[in-house]
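Asks:
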Amino acid sequence: MSCVPSPAPDEVLVKLEYSGLCHSDIHAWKGTPSIIKREKRVEGHEGTGIVTAVGSEVEDISVGDHVGVQWVNKTCGVCEADKRADYLACPKAQMTGFSVDGTFGTCCVIQARHAVRIPKEYPLDTVAPIICAGTTCFRAVEETGVKEGDILAVVGPAGGIGSLACQYAKAHGCRVLAISTGGDGRILYRDKLRVDFYVDCNTSTDIVTEVRKLTGGGLDAAIMIEGTEALLEDAAQYIRPRGSIVVVGKPPENTVGLGMSNLLLRMGQIKSSPYGGPREQIEKAIEIFFEKNFYQSSHVISLDQLPQMLQPVHQRDPEDHSNGHSSRYESSLLGQETVKIPSFSESTRTEKTFPKPTFYQDSFNIGTYIGYRLEELGIRDFLAVPGDTNLVLLDNILKNPNLRMIGCCNELNGGYAADGYARASPAKVAVLVVPYVVGALSALNAVAGACSQNIKIIVLSGCPTTGMLASKKFLHHAPSAANRDQALDAYRGVTAASIRLQSTNTAVQALDDAISKCFASSLPIFIEIPNDIAGAACSSPSPFKIPETMIQTSRNEEAVNSITGTWNKSEKPVLLFGSLARRLLSAHDIEALADRLGCAVLCQPDGRCISESHPQYCGQLWNGLTNPEGEKVFMDSDLWLIVGANWCDFHGIFTSIDEEKSRMISIGKGWVELPDGTCIQGVDFATVVRQLIRSSMESKHKSVPRPKPTLGAKPSQTEDLDAPLTLEHAMYGIQNILRSGDTMLCDAGEAWFLANHIRLPPGTDCQIQMPYCSIGWALPAGLGAQLGRSQGRSIILIGDGGFQMTAQEVSTIVRQHLNPIIIIFNNLGYKIETAVHDGPYNYIANWNYPQLAASLSASPHASSHNPYSTKKQECMESYPSLFTLQVKTQRDLKMALKRAYDEHDKLAFLELCIQPNDLSQEVRQLGKAFAQKNAEESSGPSESFAFKTPSAATSGPNSPRVGSPANTSV
423 MSCVPSPAPD EVLVKLEYSG LCHSDIHAWK GTPSIIKREK RVEGHEGTGI
473 VTAVGSEVED ISVGDHVGVQ WVNKTCGVCE ADKRADYLAC PKAQMTGFSV
523 DGTFGTCCVI QARHAVRIPK EYPLDTVAPI ICAGTTCFRA VEETGVKEGD
573 ILAVVGPAGG IGSLACQYAK AHGCRVLAIS TGGDGRILYR DKLRVDFYVD
623 CNTSTDIVTE VRKLTGGGLD AAIMIEGTEA LLEDAAQYIR PRGSIVVVGK
673 PPENTVGLGM SNLLLRMGQI KSSPYGGPRE QIEKAIEIFF EKNFYQSSHV
723 ISLDQLPQML QPVHQRDPED HSNGHSSRYE SSLLGQETVK IPSFSESTRT
773 EKTFPKPTFY QDSFNIGTYI GYRLEELGIR DFLAVPGDTN LVLLDNILKN
823 PNLRMIGCCN ELNGGYAADG YARASPAKVA VLVVPYVVGA LSALNAVAGA
873 CSQNIKIIVL SGCPTTGMLA SKKFLHHAPS AANRDQALDA YRGVTAASIR
923 LQSTNTAVQA LDDAISKCFA SSLPIFIEIP NDIAGAACSS PSPFKIPETM
973 IQTSRNEEAV NSITGTWNKS EKPVLLFGSL ARRLLSAHDI EALADRLGCA
1023 VLCQPDGRCI SESHPQYCGQ LWNGLTNPEG EKVFMDSDLW LIVGANWCDF
1073 HGIFTSIDEE KSRMISIGKG WVELPDGTCI QGVDFATVVR QLIRSSMESK
1123 HKSVPRPKPT LGAKPSQTED LDAPLTLEHA MYGIQNILRS GDTMLCDAGE
1173 AWFLANHIRL PPGTDCQIQM PYCSIGWALP AGLGAQLGRS QGRSIILIGD
1223 GGFQMTAQEV STIVRQHLNP IIIIFNNLGY KIETAVHDGP YNYIANWNYP
1273 QLAASLSASP HASSHNPYST KKQECMESYP SLFTLQVKTQ RDLKMALKRA
1323 YDEHDKLAFL ELCIQPNDLS QEVRQLGKAF AQKNAEESSG PSESFAFKTP
1373 SAATSGPNSP RVGSPANTSV
């Protein structure tokens, strides 16, 4: 189908991304006599996509908006039915997929007043089944006439329709009884949806009696997902007087014989549910779906899989009503299968280029040269702590008006802030300027953490003049007269290059070489710049280019061919992303690889790099601790494709994978290891992944579970607003305030495990510092992330112990008028440590945290104390934009989070008072495991039980000591 070049004046043109599968599509597919199948018509009417063109009369939809294409496509706009929004009764109504082309094509048109407006934070694949199937269930609940507290039955097979009907009923305030069959029904209705009552048709000897007994006399209403004669007969007997039966699923028989006496005696009624609805009702159904955090059992298939999925339906004789299993199979597909519409416009990826800066001077010195380079790299803000050895350097960098200096309270915090900036900013690199030795060593801890996760930080350290360095004087800041290189030596273990500029003749080349190493290795670098060189004249900068790495093309091809061959022989493979994937791959590459492979996708806790609304996403893999359903998917597969994993003892505290290498393909930085132990070295990580996307790897869908694992925090079953706050309530509350563009930063400890239970909306990021685990990191890293990703907010989760280590940087956040949400979990000590090994050292002073935060900005005692500040800055400093709250109860939490969301232009500082014994199950398990390990090791050597880096004994996957050959003076 070719796209319509332009819509009519009252229409919009939609590029389709997904389409749900509806009952009428199945009937058209199999040729049901009541449905006229048009051979040349594109079917489907549960589409979601992006508007690419609008007609001249359209006012409420714009190009780029996300919309849904529903059953009603066009109506006349003048008839009585149309005026009362009864569009199905319009004599000139045209239906999507029947009268006009539908949503199984690449694009279609729809009247703007029938296009469903979808907020961009809602994932399009999730919304697609709600367009018709979900709205039908939503309206079915309304058609029953039930009130809050009434008991409503959902009758039929486990599947998307049944799941949605139960959840809309619960959202309406009903108690729900599910009537279904077998293990699938029990798992879905009783275990996952936690309905109030469940009846299994297979084991019940008398459904009517059992229902009456369970419900104390009967039901107020029933929704029939499967409208068979037997089920309708039962429903007529177990509904209460004046109850209603709403039929959603088309009966397998053309006619249904039904004894009316029971129904008449009870003054009951049977009615059918309207399919779909006006767009306002569809939009309301979608809003409730996301507000109530519905569980969705649907998953996505490719368009070429649809015929195979429907083959059992197509083979059944439309006139044969004896095959109940086939009918139930059809019903189970509804609301559960979403089709990914292929795009025929092949996207191309261009190599990274660096735009030309606007800053320019007739003559450059080393400092202004650096200022030019920083802008060229995409850096807008740099972190700094001044000292006598870097003032000349700072003066010259600041001559570039496009750069903003952010002064930090100390160098350690500055390093953490640079780490956060590099994670969140589009540039993916940060700059920290520190004084000689004392400043550099203070920042070293933060840079080591960045090294552990392949984060690019350029550390610029001032140092004494070349003449002073050449003298024999005992230089201030140096640890001894003989040791002037302490910082250089210390940084060699955690950087790709640790150098000192030695002369003006070689300085420019040395700078560019070091920056190139930073990008090529995705590691920090350290550069000492003597005071006399910082202001020395140099040549004008030429465009920055990263020299191509010496990669043998044949090695990449060998790796791709080997991976493809192994993959295509597998039956049920899975894909696992680690933290390196998010550093070295674009979001497009990550999504494209998952789409290409079609299998279940999981992420390591520090590697959450794919949209968590992706139809193949099954959560995080942290063996033995979180997401047991996702872990089962992973362990039940026959092949693991592991992309950029960064294994450490925390990742596999309960499991060793040494014995699993026979089903592992690992892609690391510079190497690929195959299940047979073959290690292919000298490959380029990103190139291999991009070639796999374009390779002949087969799409493998068997590992994607039906239904998918339950992800995200759930509301507590009992709510007492005046009860003490718990971690469970905190998780759910935080999850509900996250928005697209936000970055959640979780400090080492309990915050990690809270984050694992929080489902991220599309466009939201989560960062943790694993495996380095330096507590206190999250607060200054949140400062850096807020600077780097200014369109969203940093949501900082940190314990009281971690906060006390880096608390000063709240003052920088206030001073810069940034608007993160800082959430301190005050559980009165180092609770993760008490879980491992308790002692008096795990208990700390209790601070008045809200009062402390409020005190970190005050009016100065003298006017004009800062000659470099503007009047506006002085005024802002006197009136900081923040609020602080202490949260003790569930009511407090609701009020605090609402205020944080409503007052989004302010810093929100929230202290959550958590009871000391309120620990997550994961912390308890982790503490017990580490305590056991420590006890075993104290009694003698023992074998490690942690995950190990593949081929640890070889030199391939284990790269040499970081930056060894490059760490020299230049």
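Taking this note's numbering, the leading residue of the sequence shown gets 423, the next gets one more, and so forth.
Just so you know, even glycine gets a beta-carbon here, dropped at the ideal spot from N, CA and C.
It should be emphasised that the depicted structure is a prediction, and the values quoted were computed from it without experimental measurement.
Can you name the start and end residues of the alpha helix (DSSP H) that F1107 belongs to?
Replies: 1107–1115 is the extent of the alpha helix (DSSP H) around F1107.
Asks: Let me check one thing: in DSSP terms, what residues is W1044 bridge-paired to?
Replies: Its beta-bridge partners are T1048.
Asks: Go ahead and pull the three-state DSSP assignment for N824.
Replies: Residue state, collapsed to three classes: coil.
Asks: Considering only the beta carbon of each residue, do A1108 and L1007 sit closer than 7 Å?
Replies: Yes, the Cβ-Cβ distance between A1108 and L1007 is below 7 Å.
Asks: Give the secondary structure of S984 by DSSP, where H, G and I count as helix, E and B as strand, and everything else as coil.
Replies: Reduced to three states, the DSSP call for S984 is helix.
Asks: Tell me the DSSP bridge mates of T1186?
Replies: In the DSSP output, where bridge partners are listed per residue, T1186 has none listed.
Asks: Given P1338, which residues of its chain have a CB within under 8 Å of its CB, disregarding the five upstream and five downstream residues?
Replies: Closer than 8 Å at the Cβ level, and outside the excluded window around P1338, lie N1249, L1250, G1251, K1253.
Asks: Could you tell me whether the Cβ atoms of P886 and G809 are closer together than 7 Å?
Replies: No.
Asks: What residue does the beta strand (DSSP E) around N495 start on, and which one ends it?
Replies: Residues 494–496.
Asks: Would you mind sorting H1010 into buried or exposed? The rule is 16 or more other CB atoms within 10 Å of its CB.
Replies: Exposed, because fewer than 16 other Cβ atoms sit within 10 Å of the Cβ of H1010.
Asks: Give a yes or no on whether the C-beta atoms belonging to T1186 and L1149 are separated by under 7 Å.
Replies: No; because the gap between Cβ atoms is not below 7 Å, this pair is not in contact.
Asks: By how many angstroms is the C-alpha of L636 removed from the C-alpha of Y697?
Replies: Each residue's Cα considered, the two are about 31 Å apart.
Asks: I'd like to know whether the C-beta atoms of C1025 and Q1042 end up nearer to each other than 7 Å.
Replies: Closer than 7 Å, so yes.
Asks: Counting only runs that start and end within the stretch 779–808, where is the beta strand (DSSP E) found for 3 or more residues in a row?
Replies: With a minimum length of 3 residues, the continuous beta strand (DSSP E) runs that stay inside the stretch 779–808 are 803–806.
Asks: Is it true that the stretch 1281–1296 meets the stretch 1323–1330, where meeting means three or more beta-carbon pairs spaced less than 8 Å apart?
Replies: No, the stretch 1281–1296 is not in contact with the stretch 1323–1330.
Asks: Using three-state DSSP, classify L755 as helix, strand or coil.
Replies: The predicted model places L755 with a pLDDT of 48, which falls under 50 and marks its position as unreliable, so this point remains unresolved.
Asks: Please state whether DSSP places V670 in a helix, a strand or coil.
Replies: Residue state, collapsed to three classes: coil.
Asks: Can you find at least 3 beta carbon pairs, one from the stretch 1154–1171 and one from the stretch 790–808, that sit closer than 8 Å?
Replies: Verdict: no, contact absent.
Asks: Quick one: give me the first and last residue of the alpha helix (DSSP H) that Y440 is part of.
Replies: Counting along the chain, Y440 falls outside any alpha helix (DSSP H), though it belongs to the beta strand (DSSP E) covering 433–442.
Asks: Could you check the C-alpha separation between A1374 and A600 for me, to the nearest Å?
Replies: Because A1374 sits at a pLDDT of 32, beneath the cut-off of 50, its placement in the model cannot be relied upon, and the following sentence gives the value as read from the coordinates. Approximately 53 Å, taken between the alpha carbons.
Asks: Name the residue from G1198, P545, I1087 whose alpha carbon lies nearest to the alpha carbon of G837.
Replies: Nearest C-alpha to G837: G1198.
Asks: Relative to the C-alpha of L615, which residue among V598, T627, V621 is closest?
Replies: Closest by alpha carbon: V598.
Asks: Going by Cα to Cα distance, which pick from S1001, N1241, G1261, I1079 is closest to L1061?
Replies: Of S1001, N1241, G1261, I1079, the residue nearest in Cα terms is I1079.
Asks: I need the straight-line Cα distance from E390 to M1227, nearest angstrom please.
Replies: This structure does not reach residue 390, given that the chain is present from 423 up to 1392, and the question cannot be answered.
Asks: Kindly identify the DSSP beta-bridge partner or partners of Y620.
Replies: Per DSSP, A600.
Asks: Please work out which residues of its chain come closer than 7 Å, Cβ to Cβ, to K514, disregarding the five sequence neighbours upstream and downstream, and give them in chain order.
Replies: So the list reads T497, C498, once near-sequence residues are dropped.
Asks: In the structure shown, what three-state DSSP assignment does D1060 receive?
Replies: DSSP places D1060 in coil when its eight states are reduced to three.
Asks: Alpha carbon to alpha carbon, how far is L1047 from Q1347?
Replies: Distance between the alpha carbons of L1047 and Q1347 is about 7 Å.
Asks: Give the straight-line distance between the Cα atoms of E648 and V722, rounded to the nearest whole angstrom.
Replies: Taking the straight line from one Cα to the other gives about 24 Å.
Asks: Assuming V851 and I880 form a contact by the criterion Cβ under 8 Å, report the distance between their Cβ atoms to the nearest whole angstrom.
Replies: Sure, about 7 Å apart at Cβ, within 8 Å.
Asks: Mark T627 as exposed unless 16 or more other C-beta atoms lie within 10 angstroms of its C-beta, in which case mark it buried.
Replies: Looking at its Cβ environment, which holds fewer than 16 other Cβ atoms inside 10 Å, T627 is exposed.
Asks: Where in the stretch 1195–1267 do unbroken runs of the beta strand (DSSP E), each at least 3 residues long, occur, reported from the N-terminal end onward?
Replies: Qualifying beta strand (DSSP E) stretches, in chain order: 1216–1221, 1243–1248.
Asks: Leaving out five residues before and five after N624 in sequence, what residues of the same chain have Cβ atoms less than 7 Å from its Cβ?
Replies: The answer, listed in chain order, is T603, G604.
Asks: So, are the CB atoms of A432 and G477 less than 7 Å apart?
Replies: Here the sequence assigns Asp to residue 432, which means Ala is not the residue at that position. Yes; because the gap between Cβ atoms is below 7 Å, this pair is in contact.
Asks: Return yes when the Cβ of K542 is within less than 7 Å of the Cβ of H488, no when it is not.
Replies: Yes, they are a contact pair.
Asks: Is it the case that the Cβ atoms of I1089 and V1065 are separated by a distance below 7 Å?
Replies: Against a cut-off of 7 Å, the Cβ pair of V1065 and I1089 comes out as a contact.
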